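Converting from the sequence shown to our numbering requires adding 139 to each position, the first position being numbered 1. Every residue, glycine too, gets a C-beta built ideally from N, C-alpha and C. Small disclaimer: the values here were computed from a predicted structure and weren't measured.
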Amino acid sequence: LTSAMNRVQLLGRVGQDPIMRQVDGKNPVTIFSLATNEIWRTAESEVTPGGEIWHPTLLFLCNLGDISQKTTWHRISVFRPGLRDVTYQYVKKGARLYVEGKIDYGEYTDKNNVRRQATTIIA
140 LTSAMNRVQL LGRVGQDPIM RQVDGKNPVT IFSLATNEIW RTAESEVTPG GEIWHPTLLF
200 LCNLGDISQK TTWHRISVFR PGLRDVTYQY VKKGARLYVE GKIDYGEYTD KNNVRRQATT
260 IIA
């Protein structure tokens, strides 16, 4: 048997206050968005005047290049009853939050009857 793992760890800021939804008698779910940021420095040159090649970590610490940033938004769904209720009650927009869960890929049909794909973190 081959073992596999589907695990995600995120640290970011909550995008909006969580909402709780219940569809057609199914268990309720608390949903919110989480923003994570990736920051890096683009180097003007990786070679110094003396001809030495800089280590990428050292480049980040130098004043060379521009700083770039990318924000990624994640949809978080919490189904477990205790965690779901605590999340709904205490998590607020702007809070810094650590989330651990699994990735779920799903499809749905929007209001215009168009099939869409959605990636969700199940916490």
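For Ala-143 and Ile-215, the gap between their C-alpha atoms comes out near 22 angstroms.
In this structure, Lys-209 lies near Glu-177, with their beta-carbon atoms less than 7 angstroms apart. By the Cβ-count criterion, Ala-257 is exposed, with fewer than 16 other Cβ atoms from all chains shown falling within 10 Å of its own Cβ. Taking C-beta atoms as the reference points, Gln-155 and Lys-250 fail to come closer than 7 angstroms.
The distance from the Cβ of Tyr-244 to that of Arg-255 is about 12 angstroms, inconsistent with a contact at the 8 angstroms cut-off.
In this structure, Val-147 sits away from Phe-171, with a CB-CB distance that is not shorter than 7 angstroms.
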